[in-house]
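One structure is given here, and the rest of the page talks about it.
Protein chains: 2
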Amino acid sequence: MSNPYGPNPGDYLSNVRSFQLIESTLREGEQFANAFFSTEKKIEIAKALDDFGVDYIELTSPVASEQSRLDCEAICKLGLKAKILTHIRCHMDDARVAVETGVDGVDVVIGTSSFLREYSHGKDMSYITNSAVEVIEFVKSKGIEIRFSSEDSFRSDIVDLLNIYRTVDKIGVNRVGIADTVGCANPRQVYELVKTLKSVVSCDIECHFHNDTGCAIANAYTALEAGAKLIDVSVLGIGERNGITPLGGLMARMIAADREYVLGKYKLHKLRDLENLVADAVQVNVPFNNPITGFCAFTHKAGIHAKAILANPSTYEILNPADFGLTRYIHFANRLTGWNAIKSRVDQLNLNLTDDQCKEVTAKIKLMGDIRPLNIDDVDSIIKDFHADLKPSEDKSEQSEEPEVKKQKV
Amino acid sequence: MSNPYGPNPGDYLSNVRSFQLIESTLREGEQFANAFFSTEKKIEIAKALDDFGVDYIELTSPVASEQSRLDCEAICKLGLKAKILTHIRCHMDDARVAVETGVDGVDVVIGTSSFLREYSHGKDMSYITNSAVEVIEFVKSKGIEIRFSSEDSFRSDIVDLLNIYRTVDKIGVNRVGIADTVGCANPRQVYELVKTLKSVVSCDIECHFHNDTGCAIANAYTALEAGAKLIDVSVLGIGERNGITPLGGLMARMIAADREYVLGKYKLHKLRDLENLVADAVQVNVPFNNPITGFCAFTHKAGIHAKAILANPSTYEILNPADFGLTRYIHFANRLTGWNAIKSRVDQLNLNLTDDQCKEVTAKIKLMGDIRPLNIDDVDSIIKDFHADLKPSEDKSEQSEEPEVKKQKV
Chain C
0 MSNPYGPNPG
10 DYLSNVRSFQ
20 LIESTLREGE
30 QFANAFFSTE
40 KKIEIAKALD
50 DFGVDYIELT
60 SPVASEQSRL
70 DCEAICKLGL
80 KAKILTHIRC
90 HMDDARVAVE
100 TGVDGVDVVI
110 GTSSFLREYS
120 HGKDMSYITN
130 SAVEVIEFVK
140 SKGIEIRFSS
150 EDSFRSDIVD
160 LLNIYRTVDK
170 IGVNRVGIAD
180 TVGCANPRQV
190 YELVKTLKSV
200 VSCDIECHFH
210 NDTGCAIANA
220 YTALEAGAKL
230 IDVSVLGIGE
240 RNGITPLGGL
250 MARMIAADRE
260 YVLGKYKLHK
270 LRDLENLVAD
280 AVQVNVPFNN
290 PITGFCAFTH
300 KAGIHAKAIL
310 ANPSTYEILN
320 PADFGLTRYI
330 HFANRLTGWN
340 AIKSRVDQLN
350 LNLTDDQCKE
360 VTAKIKLMGD
370 IRPLNIDDVD
380 SIIKDFHADL
390 KPSEDKSEQS
400 EEPEVKKQKV
Chain X
0 MSNPYGPNPG
10 DYLSNVRSFQ
20 LIESTLREGE
30 QFANAFFSTE
40 KKIEIAKALD
50 DFGVDYIELT
60 SPVASEQSRL
70 DCEAICKLGL
80 KAKILTHIRC
90 HMDDARVAVE
100 TGVDGVDVVI
110 GTSSFLREYS
120 HGKDMSYITN
130 SAVEVIEFVK
140 SKGIEIRFSS
150 EDSFRSDIVD
160 LLNIYRTVDK
170 IGVNRVGIAD
180 TVGCANPRQV
190 YELVKTLKSV
200 VSCDIECHFH
210 NDTGCAIANA
220 YTALEAGAKL
230 IDVSVLGIGE
240 RNGITPLGGL
250 MARMIAADRE
260 YVLGKYKLHK
270 LRDLENLVAD
280 AVQVNVPFNN
290 PITGFCAFTH
300 KAGIHAKAIL
310 ANPSTYEILN
320 PADFGLTRYI
330 HFANRLTGWN
340 AIKSRVDQLN
350 LNLTDDQCKE
360 VTAKIKLMGD
370 IRPLNIDDVD
380 SIIKDFHADL
390 KPSEDKSEQS
400 EEPEVKKQKV
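Taken in order, these protein sequences are the chains called C and X.
The first sequence maps to residues 0 to 409 in numbering that gives the first Met the number 0.
The second sequence maps to residues 0 to 409 in numbering that gives the first Met the number 0.
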């Protein structure tokens, strides 16, 4: 049976089953407010990303500071499987430094929106195009990969964009990049722009999405549907402002679409350690509601959810926690609990109660749950007391005639 | 000039400019692992939601527990502007209790996916349809609103879905609901399903999106584009597992699309207090990367970002922090800083340095930023020392010939 959450068969250019990751924790992530990575920490993160299986690791520009340049050289010498990139302005001064660091490729970017052309670099499109051609030909002459990206692509003139992308594609750029630098794009805009660009260039398309309006994961997925091949991510999404497409969240989205590809390529059971490594390095907590690794991502609470999950986890789970080395949890110690969840707990406690008795003890638990937050010990005590009270007579029908008395005891 | 992030003119059924919110912190949110709301806390939250301007407030089923019923009655008596709903199973036992609580409307839900039909309630589609009709006609007879929703809609048979939606629409249901109960849907699937449903029913369409694969905000936006009218949200997205579309994140998405509508309808400057209220109640921290209210949502760090933001904030912001009672922050105390950001700090300190001198002191700051994390005091000290050293001779050209000496002093 085909997977209904897999690629749309109508998307014949889709890369949902063949996407690659450009991991930018050590570039975009360094632009996160709290980030200060020592050389040792950068190397530890780079090795962890490589072990996880990312395709590319992107590093801060070597012209940002002297140590940035030295760190770039150090990471290039690690001999990682992932290709190492550095990210520079579209300028020969930067390019000359970048190609000497030992990187496998250079990502160049320049603002093409009217906002950035007016308030950032002040250059017109023909100047931008000439700079791009010069930098690309120089980097290519050194035998390494080169990507050209516009910045703030969704607020750039579409004709300007297509012109420059076609020009750089013709001179043999390896990838062109679309960047939603301010986080304004929505999924259907992304689909349209990527699809249009796909009809203009023959090289791969890379996408970079900021998360200001909460769409960075969905935009990445939709870009792949339209034919983009590579997505920029960072661990926990750290980056400028509230960041970009998070590695973990994108893994959640992609595994729902093609479990086999994702499991075959990335070591998902290392995701939690990777997130903890970066969270510690930048002194933040993993968000309570983080996809996959949030503390409650596989916790089921309402009675009807718990009942169905106990019968078949696929009823209320699109992700299998075991794929990530995690486990699900049925939260039964609360007033929304149902008797199926309590029956499951009774079984775990190796007690023997009929369905009716389970319903009766569930009513007691809900009564207590109305009064205050419950923990597992509270529930276990109520169940054990109930069970103990049954013992003397061994007559279950008699017991069930005294619910009022029992309720008062609780 | 029209807003390029506004509704797509091709979406003639779009409700992006006329959407409504069904706020479910007190229903879906109560299913969050950590949630235990006392009566007093529920009332405090309900009043805050009403003040914020949500259209509907949805409450836990009155049959979940006795206190749940009493709390529902208490909130109905508050006389809020928002309409009060309660959420029940598609069952007459539940409906009879619900209509006596004083609610303005009842939201019924039943699992229609093969998963839920097999492992949850075990009923077939004709049984489901008959139950739905009975409950809807009963609730309507009491003169209150009624919504019928399928559960796990994206894993339900499309023909089953359209059949039951058409049936309930014909008997006058107020709204039909689509629910992505497991968080598997992606934006283009949402667009297609909502658009198809819109062609079958004449009533309003409500959508409910879980966030397991990180698409809950984007799916909500895309549903509105396709003609859905109402979106279920909760504060910080709290709910089963990692939750649903968050109120704040959706506000970020919607204000980018139609600022005037959103500002005219919702008190956005109360968002932070509302999130803090709920975060405290369920004992979580607001995620570091939360849209709008995350601590760094309006912090700009990289040199080229800071430069452009200082010239015009729209260069790197799609959201205006002032709309939410917040302020932007230029992070200049780090090795990625640029001389424009430092020049701005020099001006704030009421010092007088030329551009060349600002570049020189920026180099010193970057050198120190390579060694360790900097704070604002560090940067200010470097600037002030640099400035003090200029004073004696008043000869700026002479000073700038001694950069090596100065660097050693830092």
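Ideal Cβ positions, reconstructed from N, Cα and C, are used throughout, including at glycine.
Counting only Cβ-Cβ distances below 7 angstroms, X/H304 has contacts in chain C at E239, in chain order. In this structure the stretch 240-248 of chain X does not touch the stretch 185-195 of chain X; the number of beta carbon pairs closer than 8 angstroms is below three.
Around X/E274, the same chain offers V234, L235, G247, V285, T292 as residues with beta carbons nearer than 7 angstroms, after the five sequence neighbours per side are excluded. At least 7 angstroms separates the CB of X/D159 from every CB of chain C. DSSP, read as helix, strand or coil, puts C/A34 in coil.
When the beta-carbon positions are compared, X/C202 and X/D168 come within less than 7 angstroms of each other.
Look at C/Y315: its C-beta is under 7 angstroms from a C-beta on chain X. Excluding its 5 nearest sequence neighbours in each direction, C/Y315 has C-beta neighbours in its own chain below 7 angstroms: H299, H304, A307, I308, listed in chain order. T59, A63, S64, E65, Q66, S67: these are the residues of the stretch 44-69 of chain C whose beta carbon lies less than 8 angstroms from some beta carbon of chain X, given in chain order. For the stretch 279-290 of chain X, the set of residues with a beta-carbon nearer than 8 angstroms to any beta-carbon of chain C comprises V283, N284, P286, F287, N288, N289, P290, in chain order. About 4 angstroms separates the beta carbon of X/R26 from that of X/E57, a gap short enough to meet the 8 angstroms contact definition. In this structure, C/A310 is the residue among C/A310, C/T38, C/A296 with its C-alpha nearest to the C-alpha of X/Y118.
Beta-bridge partners assigned by DSSP to X/I83: X/I56. For X/A296, a Cβ of chain C is located within less than 7 angstroms of the residue's own Cβ. Between the alpha carbons of X/E239 and X/V345 lies a distance of about 50 angstroms. With respect to the 7 angstroms criterion, C/P186 and X/P186 are classified as neighbours on the basis of their beta carbons.
Taking CB atoms only, X/Y220 has a neighbour in chain C less than 7 angstroms away. In the DSSP assignment, X/V108 forms a beta bridge with X/R88, X/S148.
In the DSSP assignment, C/H207 falls within the unbroken beta strand (DSSP E) covering 203-208. C-alpha of C/G52 to C-alpha of C/F323: approximately 14 angstroms in a straight line. Contact with chain X is absent for C/H86, since none of that chain's Cβ atoms lies less than 7 angstroms from the residue's Cβ.
According to the DSSP assignment, X/A184 belongs to no beta strand (DSSP E), since it is labelled neither H nor E.
Ranked by Cα distance from X/I42, the first of X/R16, X/A32, X/V62, X/D70 is X/D70.
Per DSSP, reduced to three states, the secondary structure at X/G263 is helical.
The closest CA to that of X/T85, considering only X/L79, X/Q66, X/S60, X/A73, is found on X/S60. Taking 7 angstroms as the Cβ-Cβ cut-off, the stretch 104-120 of chain X approaches chain C at F114, L115, Y118, S119, given in chain order. In the DSSP assignment, the residues bridged to X/R174 are X/R146, X/D203.
Along the stretch 222-251 of chain C, going in chain order, the ones with a CB nearer than 8 angstroms to a CB of chain X are E224, L235, G236, I237, E239, R240, N241, G242, P245, G248, L249, A251. Chain C has no Cβ within less than 7 angstroms of the Cβ of X/V193. Taking the C-beta atoms as reference points, C/R16 is found no nearer than 7 angstroms to C/D384. At a cut-off of 7 angstroms between C-beta atoms, C/L325 does not count as an interface residue with respect to chain X. Between X/V200 and the set X/V62, X/N162, X/T326, the nearest pair of CA atoms involves X/N162. Our two residues, C/N218 and X/E72, have alpha carbons roughly 42 angstroms apart in a direct line. Here X/A45 really is in contact with X/L79; their C-beta atoms are around 7 angstroms apart, less than 8 angstroms. Against chain C, the CB of X/K300 has a partner CB under 7 angstroms away; the residue lies at that interface. Look at X/A131: its C-beta is not under 7 angstroms from any C-beta on chain C.
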